[in-house]
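Q:
There are 2 protein chains.
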Amino acid sequence: MATTAHAHAHGTDDWGAHARLTLEQAGYRSGAARHAVVELLARQDCCLTAREIADRLHDEGSSIGLASVYRALEVLDELRLVQRLDAGEGTARFEPAHPSGEHHHHLVCDNCGVVTPFEDDGLERAIQRLARKLDYEVHGHDVVLRGACPDCHAAR
Amino acid sequence: MATTAHAHAHGTDDWGAHARLTLEQAGYRSGAARHAVVELLARQDCCLTAREIADRLHDEGSSIGLASVYRALEVLDELRLVQRLDAGEGTARFEPAHPSGEHHHHLVCDNCGVVTPFEDDGLERAIQRLARKLDYEVHGHDVVLRGACPDCHAAR
DNA sequence: TTGTTTGCAAACCTTTTGCACGTTA
DNA sequence: TAACGTGCAAAAGGTTTGCAAACAA
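Which chain is which? The protein sequence lines are A and B, in order.
Positions 1 to 156 (the numbering used here) are the ones given, in order, by the first sequence.
Positions 1 to 156 (the numbering used here) are the ones given, in order, by the second sequence.
(1) Looking only at its own chain, which residues have a Cβ that is under 7 angstroms from the Cβ of residue 87(B), when we skip the five neighbours before and after it?
(2) So residue 71(A) and residue 77(A) are supposed to be a Cβ contact under 8 angstroms. How far apart are they, rounded?
(3) Between residue 77(B) and chain A, is there a C-beta pair that is closer than 8 angstroms?
(4) Classify residue 104(B): buried if its beta carbon has 16 or more other beta carbons within 10 angstroms, exposed otherwise.
(5) So what's residue 1(B) in DSSP terms, helix, strand or just coil?
(6) Can you tell me whether residue 29(A) is helix, strand or coil according to DSSP?
(7) Give the C-beta separation of residue 54(A) and residue 123(B) to the nearest angstrom, bearing in mind that I take them to be a contact with Cβ-Cβ under 8 angstroms.
(8) Go ahead and pull the three-state DSSP assignment for residue 38(A).
(9) Taking 8 angstroms as the threshold (C-beta atoms), are residue 51(B) and residue 66(B) in contact?
(10) Since I believe residue 91(B) is in contact with residue 49(B) (beta carbons under 8 angstroms), could you give me their beta-carbon distance rounded to a whole number of angstroms?
(11) Let me check understanding here. Comparing Cα to Cα, which of 128(A), 149(A), 133(A) and 139(A) lies closest to residue 131(B)?
(12) Label residue 58(A) either buried or exposed according to how many other C-beta atoms from any shown protein chain fall within 10 Å of its C-beta, with 16 as the threshold for buried.
(13) Which residues in the same chain have their Cβ closer than 8 angstroms to the Cβ of residue 89(A), if we skip the five residues on either side of it in sequence?
(14) Establish whether the CB of residue 137(B) and some CB of chain A are separated by less than 8 angstroms.
(15) Buried or exposed: residue 60(B), going by 16 or more other Cβ atoms within 10 Å of its Cβ?
(16) Look at the alpha carbon of residue 39(B) and the alpha carbon of residue 96(A), and state the distance between them as a whole number of angstroms.
(17) Which residues in chain A sit within 9 angstroms of residue 107(B), going by Cβ to Cβ distance?
(18) Report back the beta-carbon spacing between residue 164(A) and residue 79(A) to the nearest angstrom; my notes put them in contact at under 8 angstroms.
(19) Note down the Cα distance separating residue 45(B) from residue 46(A), rounded to an integer number of angstroms.
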């Protein structure tokens, strides 16, 4: 089966190690804040906002400034280690970008705002066919489906 | 041919009239600011930011407040008369949503930021097949392809 | 030691809101 | 006239930046 709304298992391809290596090879030193952000992201299946990242780090006892979270995410984005996603709520979300190219897309509930990941091979194939036809060098893509999640739909 | 990077012709299905009628039927009165925003959007093929809308209206001599542009867009969005798009630059973009369901998606250049519309039937079919399989009532979707536009790609 | 990273606070930008005034029905 | 729409200014987020202190190499 090609479609699943379940996230894949945690850390199966060790994104954390890949990210640390890539950062080092790009000449970045290791500091506490960026390290903590990488460690936290390595444990995520789906996207978090910068504030969510800072809050979780605080909960775990780290005192990381929000600005440092943004700076870490900026570097990770430049190195294509994270995928930035705008779900339309005015705040950006970030999730690990796996070197294998494996990725998912998102369902966003118009009503409650919950974001759910899904994967679909047919969709990926259609996008690859499309990208070949365009006069553009395509590096990546995002698909967001909007609608009513099962809970909100049932609650009508 | 199913794929085109060209926008379709201006106002061929008279979105402006449709929008005015929908607004009236929803009980909205007609005011200068919202009217001007609808008129301007009716002439657009692709997305504009709120500031771009206000600036163009000013250029045309209207003195429309930016807040009124946002308020107009909010109403139009609620009535599903516009499509809101986040291209990831931190500012939302808006374009007319045609009642026929005809729509396009966007290519965003990572380098220069230019946004180009495209249409692809294969992609639409893949999304429709996918939507049927999900446990979600899907109302809409956005696809953003990111990469290097022909100019930026050539300039390397 | 030297340049990088970080935390804090201030600055910035987009978007929303309060309020008084003008306008529509 | 009563309710709605608008413009302006202020407020409210989210994100970026300046700077001095802490830190890695």
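For glycine and all other residues, C-beta sits at the position ideal for the given N, C-alpha and C.
Note that the coordinates shown come from a computational prediction; the quantities given were computed from them, not determined experimentally.
A: By the coordinates alone:
(1) 93, 106, 108, 115 and 144
(2) Contact flag wrong, Cβ pair sits at about 11 angstroms.
(3) no
(4) buried
(5) For residue 1(B), the predicted model reports a pLDDT of 38, less than 50, meaning its position is unreliable and no value from the coordinates is stated.
(6) coil
(7) Not really, about 36 angstroms apart at Cβ, beyond 8 angstroms.
(8) helix
(9) yes
(10) 5 angstroms
(11) 149(A)
(12) exposed
(13) 113
(14) yes
(15) exposed
(16) 42 angstroms
(17) 134, 136 and 138
(18) Absent from the structure is residue 164(A), since the part of chain A shown begins at 1 and ends at 156.
(19) 34 angstroms
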